[in-house]
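Trainee: My questions all concern the structure below.
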């Protein structure tokens, strides 16, 4: 099947939000990237592309620099914060830690509803470049540079074309979901948080005078925030920001993910994420189109 993708390469972002849940710090959550793609779609909808939909998206990290500091002999690193302005008493206000990260990423978004006429004119490319290089935020950070913007078509049933498409995104790492690891651990009776920590912990041991380090599973396994679960009814709340939209309190949903080189993927759907709402369980999630468990 011929599929069409909007590819934004080598976007440089400064001061993106690195704290994506109460438990995680590092690469921004998938909720942030899908939110940015959805914001881009909405802006394109109002400038002449009413039928365009960016139905799924993936992100590739080329470079990341987390703002932390570890002094000589320190066991843990500290967040590098910013000094808040003085309050009315000329004192520093209460400090809320805000983890920040500088990033260079590429974003891939599948396109639906774009006419061949608009695609051939190249008009959409100009609009995307203007939006992204303007005042648009990515994961709460500011875009200071954007590389090539293009529309790529390929047949995803042709392994050669798929590999060539994925090779365009190298060098870098894309985040794929590894919820299968959590499912296996919890099936053994482990608590969810214990299972998560078990997979990201590094174990050091000494054998015959030589230190070795290992993790439970091969691969670059990391905790990732993939959405929210409602913990209250949908209703009005005192002093809510938008008085016209019903409000609901929610908490983060965290699972395991894995950073993989795009070229090592067999299917582009492994790196693509989309929204999923489960009304019965009050879950607002970002889910991969094709997970490892489904692929097996």
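In this note's numbering, the protein residues as written are 83 to 378.
Glycine included, each C-beta is placed from N, C-alpha and C at the ideal position.
Skipping 5 residues on each side, what residues in its chain have a beta carbon closer than 7 Å to that of residue 334?
Mentor: Result list for residue 334: 103, 104, 307, 310, in chain order.
Trainee: Tell me whether residue 352 sits in a helix, a strand or coil according to DSSP, three-state version.
Mentor: Correct three-state label for residue 352: helix.
Trainee: Could you check the C-alpha separation between residue 141 and residue 319 for me, to the nearest Å?
Mentor: Approximately 35 Å between the Cα atoms of the pair.
Trainee: Answer yes or no: does any C-beta atom of chain D fall closer than 8 Å to that of residue 237?
Mentor: Although the question refers to chain D, the structure presented lacks it and comprises just one protein chain.
Trainee: Straight-line CA distance for residue 376 to residue 169?
Mentor: Any reading at residue 376 must be qualified, since the residue scores a pLDDT of 49, below 50, and its modelled position is unreliable; no value is offered.
Trainee: Among 131, 272, 300, 188, which one has its Cα closest to the Cα of residue 340?
Mentor: Measuring from the Cα of residue 340, the nearest candidate turns out to be 300.
Trainee: Buried or exposed: which applies to residue 362, given that a residue is buried once 16 or more other Cβ atoms fall within 10 Å of its Cβ?
Mentor: Label assigned to residue 362: exposed.
Trainee: Quick one, are the C-beta atoms of residue 192 and residue 137 less than 8 Å apart?
Mentor: Yes; because the gap between Cβ atoms is below 8 Å, this pair is in contact.
Trainee: Am I right that residue 256 and residue 112 are in contact with their C-beta atoms under 8 Å? What's the rounded C-beta distance?
Mentor: About 11 Å; that fails the 8 Å criterion.
Trainee: According to the neighbour-count rule (16 or more other Cβ atoms, all chains shown, within 10 Å of its Cβ), is residue 274 buried or exposed?
Mentor: Flag for residue 274 reads exposed.
Trainee: Using the rule of at least 16 other Cβ atoms within 10 Å of the residue's Cβ for burial, across every protein chain shown, is residue 63 buried or exposed?
Mentor: Residue 63 cannot be examined here, being either before or after the span of the chain that is shown, 83 to 378.
Trainee: Which residues does DSSP list as the beta-bridge partners of residue 311?
Mentor: Note: residue 311 sits in a beta bridge opposite 333, 365.
Trainee: Let me check one thing: in DSSP terms, what residues is residue 305 bridge-paired to?
Mentor: Answer is 338.
Trainee: Roughly how many angstroms separate the alpha carbons of residue 99 and residue 147, rounded to a whole number?
Mentor: Rounded to the nearest angstrom, the two C-alpha atoms are 12 Å apart.
Trainee: For residue 90, which residues of its own chain have a beta-carbon under 6 Å away from its beta-carbon, when the five flanking residues on both sides are left out?
Mentor: 189, 231.
Trainee: So if DSSP puts residue 370 in a beta bridge, which residue, or which two residues, is it bridged to?
Mentor: Its beta-bridge partners are 355.
Trainee: Could you please give the first and the last residue of the uninterrupted beta strand (DSSP E) stretch that includes residue 184?
Mentor: Where residue 184 is concerned, the enclosing beta strand (DSSP E) stretches over 182 to 194.
Trainee: Which residue spans inside the region 239 to 326 form an unbroken beta strand (DSSP E) run of at least 3?
Mentor: Entirely contained in the region 239 to 326, the beta strand (DSSP E) runs reaching 3 residues are, in chain order, 255 to 259, 285 to 289, 292 to 296, 302 to 312.
Trainee: Is the separation between the beta-carbon of residue 357 and that of residue 116 shorter than 8 Å?
Mentor: In contact: residue 357 and residue 116 (Cβ atoms closer than 8 Å).
Trainee: Which class does residue 106 belong to by DSSP, given the choice of helix, strand or coil?
Mentor: The answer is coil: DSSP assigns residue 106 none of H, G, I, E or B.
Trainee: Alpha carbon to alpha carbon, how far is residue 151 from residue 183?
Mentor: Taking the straight line from one Cα to the other gives about 13 Å.
Trainee: Using 10 angstroms around the beta-carbon of residue 331, count the other beta-carbons present and answer buried if the total reaches 16, otherwise exposed.
Mentor: Under this definition residue 331 is an exposed residue.
Trainee: Between 248, 149, 207, which has its C-alpha nearest residue 88's C-alpha?
Mentor: The residue with the shortest Cα to Cα distance from residue 88 is 207.
Trainee: Residue 314 to residue 120, Cα distance in whole Å?
Mentor: Those two C-alpha atoms are separated by around 25 Å.
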